[in-house]
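Novice:
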Amino acid sequence: MGSVTDERAMSEAEASCLPIDVKTISATVDLALGMSLGTSKRADIDTRVGQLTGFLNLLRGQYLGEDEDQDVLQLLGMVDRHVALSSRPTSRSQAHEAFNYMHDAAVFARALLCAYTNRHGIAAP
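Residue 1 is where the sequence shown starts when you use my numbering, and the numbers rise one by one after that.
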């Protein structure tokens, strides 16, 4: 019987080979951008922040052509600063701060997804 400690860590190269679910990421971005601060519960905002941050981390682990495109390189730098732990909202953050972070994360996710689909010749949903 194996245990959790028997599992080896996934290498960066293996992670970059994982399939990107373009439809799910796009749908989550659309949901986040469709939310309104006045009608959204904080728990829903926090859930969406977690999802979007995960997608951002997944997408920035992919090769997006940053060696050839300064705009993509600049976008990755902005995303790196956005997902840094010191930039993320906490449970003590005001709801509008968490909402604004979520909105920015959705915009970044959409931009990275666009770079990904363009780079890999995938039709965006």
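Just so it is clear, CB atoms sit at the ideal spot from N, CA and C, and this is done for glycine as well. Because the structure is a prediction, the values reported are computed rather than measured.
Name the two residues that bound the continuous alpha helix (DSSP H) containing Lys130.
Specialist: The chain is shown only over 1 to 125; residue 130 falls outside these bounds and no answer can be derived.
Novice: Between the alpha carbons of Leu52 and Gly121, how many angstroms are there, rounded?
Specialist: 23 Å
Novice: So, helix, strand or coil for Arg69, using DSSP?
Specialist: The amino acid occupying residue 69 in the given sequence is Asp; Arg does not appear at that position. Asp69 falls in the coil class under three-state DSSP.
Novice: In or out: Pro19 buried (at least 16 other Cβ within 10 Å) or exposed?
Specialist: exposed
Novice: Identify whether Ser87 lies in helix, strand or coil by the three-state DSSP scheme.
Specialist: helix
Novice: Have a look at Gln94 and Arg48 and give me their C-alpha separation to the nearest angstrom.
Specialist: 16 Å
Novice: Is it right to say Glu7 is buried, meaning 16 or more other beta carbons lie within 10 angstroms of its own, or is it exposed?
Specialist: In this prediction, Glu7 scores a pLDDT of 40, lower than 50, which makes its location untrustworthy; the coordinate-derived value is nonetheless stated afterwards. Counting Cβ neighbours within 10 Å, Glu7 comes out exposed, since fewer than 16 surround it.
Novice: Looking only at its chain, what residues have a beta carbon closer than 6 Å to the beta carbon of Leu33, apart from the 5 residues adjacent to it on each side?
Specialist: Ala106
Novice: How would you call Ala27, buried or exposed, if buried means at least 16 neighbouring beta carbons within 10 angstroms?
Specialist: exposed
Novice: Does Thr77 come out as helix, strand or coil in the three-state DSSP assignment?
Specialist: Before going on, a small fix: residue 77 reads as Gly here, not Thr. Helix at Gly77.
Novice: Could you pull out every residue in the same chain whose Cβ sits closer than 7 Å to the Cβ of Tyr116, ignoring the five residues on either side in sequence?
Specialist: Ile20, Leu59, Gln62, Leu64
Novice: Quick one: does the C-beta of Thr39 sit closer than 6 Å to a heavy atom of the ligand GTP?
Specialist: You won't find the ligand GTP in this model; it holds no ligand whatsoever.
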